[in-house]
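To start, the structure itself, in structure tokens.
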Amino acid sequence: DAGWTCVSPPLIQNPWRTSPWKWDYMAKIQPYSMVQYRRILQLDSDILVTSPGALEELFELPEFPSRFIYAIRDCVAPHIRAEPATAVRHELNGGVFMIKPDMEVFQDMLNGIGKWY
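In the numbering used here, the protein residues as written are 1285 to 1401.
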């Protein structure tokens, strides 16, 4: 037993009706509702894992609060901004991150959506 499971979370439709990404938006929020798991590692479909051992290390990290996110730095984003001088040097890559599921955090995010759109 590897100690991990690959699952696809239930989809929640993007409330931003004009978005070209009907479902992708909520895929970043939905893992917070998966409280049957201790941790969730979110990988976008375009991520290529070349060293499974690196993933195992992520699951061996010490416990962390539910409002904390382990993520990787996006090394490309600062170079593709229209205005490089205003680019954030340590922007996170949303394609790879680890969270601790928590229904309160999930509900806070869902409740906040109406304020953004």
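Virtual Cβ for every residue (Gly too), placed ideally from N, Cα, C.
Bear in mind that the values here come from a model prediction, so they are computed numbers and not experimental data.
- Residue range 1336-1343 is occupied by the alpha helix (DSSP H) that includes residue 1339.
- In the three-state reduction of the DSSP assignment, residue 1318 falls in the coil class.
- Taking all protein chains in view, the Cβ of residue 1356 is surrounded by fewer than 16 other Cβ atoms within 10 Å, so the residue is classified as exposed.
- If the five residues before and after residue 1378 are omitted, its C-beta is found closer than 7 Å to the C-beta atoms of 1312, all from its own chain and listed in chain order.
- The DSSP-derived three-state label of residue 1394 is helix.
- Secondary structure at residue 1333: coil, using DSSP grouped into helix, strand and coil.
- Using a Cβ distance threshold of 8 Å, residue 1319 and residue 1387 count as a contacting pair.
- In the structure shown, residue 1380 falls within a strand segment according to DSSP collapsed to helix, strand and coil.
- Cβ-Cβ separation between residue 1314 and residue 1294: approximately 7 Å, consistent with a contact (criterion under 8 Å).
- Residue burial is scored here from C-beta neighbours: residue 1317 has at least 16 other C-beta atoms within 10 angstroms and is therefore classed as buried.
- Minimum Cα-Cα distance from residue 1290 among the listed residues 1389, 1339, 1301 corresponds to 1339.
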